[in-house]
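These notes concern the structure reproduced below.
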Amino acid sequence: MTSIADTRITAAPRRRLQAAASWTLTIAFALAMLALLPLGFVLWATVETGWATAFQLIFRARVGDLMVNTILLVAFTVPICTVLAVSLAWLTERTDLPGARLWSWLSVAPLAVPAFVHSYAWIGMWPSLNGLFAGVVISVVAYFPFLYLPVSAAFRLLDPALEDQAASLGLAPPAVFRRVVLPQLRLALCGGALLIGLHLLSEYGLYAMIRFDTFTTAIIDQFQSTYNGVAAHMLALVLVACCFVLLGLEAGLRGRSRYARLGSGAARRPKITRLGKWTYPCLLLPIATAGFSLGIPTLTIGRWLVAGGAGVWRVDEVGLSLFQTLLICLVGGIATTAAAVPIAWLSVRRPTRGSRFLEGCYYLASSMPGVVVALALVTVTVRVMLPLYQTVATIVLAYMVMFLPRALVSLRASIAQVPVELEQAAASLGRSPGNALWSTTVRLAAPGAAAGVALASLGIMNELTATQMLAPNGTRTLAMAFFALTGEIDYAGAAPYALLMILFSMPLTWLLHYQSKKIAGR
Amino acid sequence: MTLLQLTSLSKRYGAVAALDGVNLSVAAGSRTAIVGPSGCGKTTLLRLVAGFDEPDGGTIAFDGETLADASGQVPAHKRGIGIVAQDGCLFPHLTIAQNIGFGMEAERSVKEAKAAELMDMVGLDRAMLSRKPDQLSGGQQQRVALARALARSPRLMLLDEPFSALDTGLRTATRKAVTEVLTAAGITTLLVTHDQAEALAFADQVAVMRAGRFAQVGSPREVYSRPVDPITAAFLGEAIVLPATIAGGRAESPLGLLPVDDASRQGRAEIMLRPEQISVFQTGEGTSGTITEINFCGPTTDVRIALGGEGAFSFRLDMPSRETFLPGDRVRIGVTGTAHVFR
């Protein structure tokens, strides 16, 4: 006999669980809408401008010039980065190159140097450097690690049995590489190339310093001269369109193929190619890369620090700037990670079409350039919520939009590692659902959350564009101070800021490298 | 005619000798199985023949040509030796048709026609050609892997435990199908497995491997009924090993006076009987014994029979369950055929 009391006991928690999931979904949805604000703004601005004016502002020679610059920059930089990253990844992962581990580190380390510091270092060496050539060269050394990281991780994950199999089917080693290895690197290549492309579109400092005009630099010039005109809005529209072209290209190239490893069991260790007499010629590549991507910044900063002596270390200014930067990184990082918690939990525990769609929204929002995000938030706060203009809340929102996927990736991976059975066990031991979640999943996912905070913070520390446009009056982060000083041609004064940014980025870069190794299980 | 000849082949991984001087000759058109427990070096052997690894010593000769010796080796892609791996090892980024056509050098239309033909040959539906490998079951993947290797018409086919990942029923069916296809194509085959029944059922020649060496090489009947030592005997199936004293072609053993297969042997020795040589009766002739233990396993019953009194020789036997015995029952034991004397 089933008593009424029995059914009530089993029915009550079920209702509460569903309520929890729908609340999470609501929060995740609200945050996604907030993240899509910049995109909505661009569309709204276009409609408000009116077709005639918009047409006039978009189809003019200036926009054409910028478009040519942008296309050339992407068309040269991305393929060069791809060839460089695949060569380095192959050398460090698949050959007996002496010091492969060291070269692997040195191929990731350039990420610790902000892009505009690379630029500063190169013009410190060759002051006359400018234009497309400089843009391509500096972009390659600043951004190739975005391809090196996923490609080297993919190399480690490849099943060497497939390469053996291809050889037994009569393929010589170069053909095996082309027909079996490269197709399996495709996902890593597409993802990395897209990331680099989006950075090329959204970077400001790097190109401003070498006087190479892109849409982003042009928007900021407009913003600084006319504050917030329709011309800037229309440039933002074209820039967003460029982003969509890249996203579409990547989606098309990536295709829908699945590369799940068939069969079971651990993969055999990959075979190491012996370089033999090619060892020394091959060593030239990582040496030259490290020289250009790390040697030049080290040399320039070192030279200016020596030239500036103790005088450039104005402790009050540098100290205040460092304190402000760390504070904003911490607040921004934690807020970003907290904002990622609902969607991370949903995508692991309650994966539905809705949650996947929301996740896509966050990724789309974060691929919008910082300048567009900033422009949108400036306009919205000024027009709708003036008290929020240039406040910490607004800039933290901008960071959340831009860096949420970084926190999401870390969080999701660590939540997925916690078996849901632990939550259920805690519940069966009498914990309420919230309490069960807190005492199992949240505790065990904490390292992933910490990594998420760190990765978001790395982005915030080196962020210049949006910070410049949104930061509260009196804020002077390391990046802002550095850029202002180089603008005044005070290269010696800027050197301490560059050094601090690199030093604080170093551990976070190490974390990135470590994570990519861990994903491969080595 | 010998197609493949391995001479004192050896391979070390650090301090461990994976292969320790292996000799083997494989006749053209034959089927050879290498059987041994995991870690005995059988997969290493296969990888050396395929050309995926280099031997540290010895030679591999294939159809009169030296594939590997101290001076160097022919790379895998120039050997013309096919291999089907344990999990099929299909390329996940290619369709079934592309997988089968992978090693062929021909026009697209020729490749497609050949792929379709091979699908028929391995007993798969041509409609699967456009699918991706992860849309196929394990057994189907294995058949595609076989078709892919067959497409290059290799003279030697290596099978690396290709059936072990499959369910029991599917394993036998797939093995039969593969054997038929390879026999029909007249391709020499080298199978590596840890399953002794599979090795015995598949091959013309069985090589029993242990710790990097061949313990015994011979026909399936020979290695099964005349194993070199008790460990080999036990590895290939249930064995009843008895102490005996031999004189004049007969062995005095706990199971009575038994004819042996080696008339020249005299004195104390160990002899072996296979369980199928033993019959158990309620009454009648033969050595008497006592049932001490019974485990009912469905069609068969696992019984332990002690000969004589307490602490005497005892052995276990799977008997058809139609006989109902109880612990303590007295039985008579009859032996047919000869007992095998270990060297």
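The listed protein sequences derive, respectively, from chains X and D.
Number 409 in the working numbering belongs to position 409 of the first sequence; there are no gaps in the numbering.
Number 1083 in the working numbering belongs to position 83 of the second sequence; there are no gaps in the numbering.
The beta carbon of each residue, even a glycine, is placed where N, CA and C say it ideally should be.
Exercise for the section: Give me the Cβ distance between His1340/D and Ser1225/D, rounded to the nearest whole Å; I'm assuming they're in contact under 8 Å. Expected result: 6 Å
Practice task
Could you tell me which chain D residues have their CB closer than 7 Å to the CB of Gly170/X, listed as they occur along the chain?
Solution key: Those within 7 Å of Gly170/X in chain D are His1077, Gly1103, Arg1152.
Practice task
Give me the Cβ distance between Ala1050/D and Ile1083/D, rounded to the nearest whole Å; I'm assuming they're in contact under 8 Å.
Solution key: Contact holds; Cβ gap of about 5 Å.
Practice task
Leaving out five residues on either side along the sequence, give the residues of the same chain with a beta carbon under 6 Å from the beta carbon of Ile301/X.
Solution key: Ala495, Ala498, Leu499
Practice task
Measure the C-alpha to C-alpha separation of Ala1097/D and Ser139/X and round it to an integer number of angstroms.
Solution key: Approximately 42 Å between the Cα atoms of the pair.
Problem - Distance between Lys1176/D and Phe177/X (C-alpha atoms, nearest Å) - result: 35 Å
Problem - Same chain, Cβ closer than 8 Å to Gln324/X, five either side skipped, listed in chain order - result: Excluding sequence positions up to five before and after Gln324/X, its CB lies within less than 8 Å of the CB of Thr475, Arg476, Thr477, all in the same chain and listed in chain order.
Practice task
Identify every residue that forms a DSSP beta bridge with Tyr1013/D.
Solution key: Val1016/D
Handout entry: Exposed unless 16 or more other CB atoms sit within 10 angstroms - verdict on Leu1013/D
Key = According to the sequence shown, residue 1013/D is Tyr rather than Leu. That one is exposed.
Exercise for the section: Identify, in the order they occur along the chain, each residue of the same chain with its Cβ nearer than 6 Å to the Cβ of Leu1191/D, setting aside the five sequence neighbours on each side. Expected result: Ala1033, Leu1159, Phe1202
Practice task
Would you mind stating whether Ala109/X and Leu294/X have Cβ atoms separated by less than 7 Å?
Solution key: yes
Practice task
Check whether the Cβ atoms of Arg412/X and Ser347/X sit closer than 7 Å, and answer yes or no.
Solution key: yes
Handout entry: Touch test, the stretch 502-514 of chain X against the stretch 342-359 of chain X, Cβ-Cβ under 8 Å, three pairs minimum
Key = Taking a cut-off of 8 Å for Cβ pairs, the stretch 502-514 of chain X and the stretch 342-359 of chain X do not touch, as fewer than three such pairs fall below it.
Handout entry: Residues near Thr2/X by beta carbon distance below 8 Å, same chain, minus five either side
Key = Reliability of the predicted coordinates at Thr2/X is poor, the pLDDT of 41 falling under 50, and no value is obtained from them.
Practice task
Give a yes or no on contact between the stretch 1244-1257 of chain D and the stretch 1265-1275 of chain D, applying the rule of three or more CB pairs nearer than 8 Å.
Solution key: yes
Practice task
Would you decide whether Gln424/X is buried or exposed? Buried here means 16 or more other CB atoms lie within 10 Å of its CB.
Solution key: exposed
Problem - Cβ of Gln542/X within 7 Å of any chain D Cβ - result: Residue 542/X lies beyond the stretch modelled for chain X, which goes from 1 to 522, so this question has no answer here.
Practice task
Verify whether the separation of the beta carbon atoms of Met1121/D and Lys1111/D is less than 7 Å.
Solution key: no
Exercise for the section: Look at Leu246/X and Gly197/X and say whether their C-beta atoms are less than 7 Å apart. Expected result: yes
Exercise for the section: Would you tell me roughly how many angstroms separate the C-alpha atoms of Met368/X and Ala1145/D, rounded to the nearest one? Expected result: 46 Å
Practice task
Starting from Ala208/X, trace the alpha helix (DSSP H) both ways and give me its first and last residue.
Solution key: 205-209
Problem - the stretch 173-188 of chain X: positions lying closer than 9 Å to chain D by Cβ - result: Residues of the stretch 173-188 of chain X with a Cβ closer than 9 Å to any Cβ of chain D, in chain order: Pro173, Ala175, Val176, Arg179, Val180, Pro183, Gln184, Arg186.
Exercise for the section: Examine chain X for any beta-carbon lying closer than 7 Å to the beta-carbon of Cys1297/D, and answer yes or no. Expected result: no
Practice task
Flag Ala456/X as yes if its beta-carbon sits less than 7 Å from any beta-carbon of chain D, otherwise no.
Solution key: no
Handout entry: Below-7 Å beta-carbon distance, Ala208/X vs any chain D residue
Key = no
Handout entry: C-beta contact flag for Ala445/X and Val418/X at 7 Å
Key = yes
Exercise for the section: Enumerate, from N- to C-terminal direction, the unbroken alpha helix (DSSP H) stretches of 4 or more residues contained entirely within the stretch 408-452 of chain X. Expected result: 420-428, 433-437
Handout entry: Interface positions of the stretch 1035-1066 of chain D facing chain X (Cβ-Cβ less than 9 Å), listed along the chain
Key = Arg1047, Ala1050, Gly1051, Phe1052, Asp1053
Handout entry: Rounded separation between Arg1047/D and Asp1053/D - CA only
Key = 6 Å
Handout entry: Burial state of Glu1276/D, where buried means 16 or more other Cβ atoms lie within 10 Å
Key = exposed
Problem - Environment of Thr92/X [buried if 16+ CB atoms lie within 10 Å] - result: buried
Exercise for the section: Could you pull out every residue in the same chain whose Cβ sits closer than 8 Å to the Cβ of Ser457/X, ignoring the five residues on either side in sequence? Expected result: Cys329, Leu330, Gly332, Gly333, Leu508
Problem - Check whether Arg1213/D and Asp1020/D have beta carbons under 7 Å apart - result: yes
Handout entry: Contact check, Met400/X vs Ala339/X, beta carbons under 7 Å
Key = yes
Exercise for the section: Can you grab the Cα-Cα spacing for the pair Pro1075/D / Glu1222/D, in whole Å? Expected result: 36 Å
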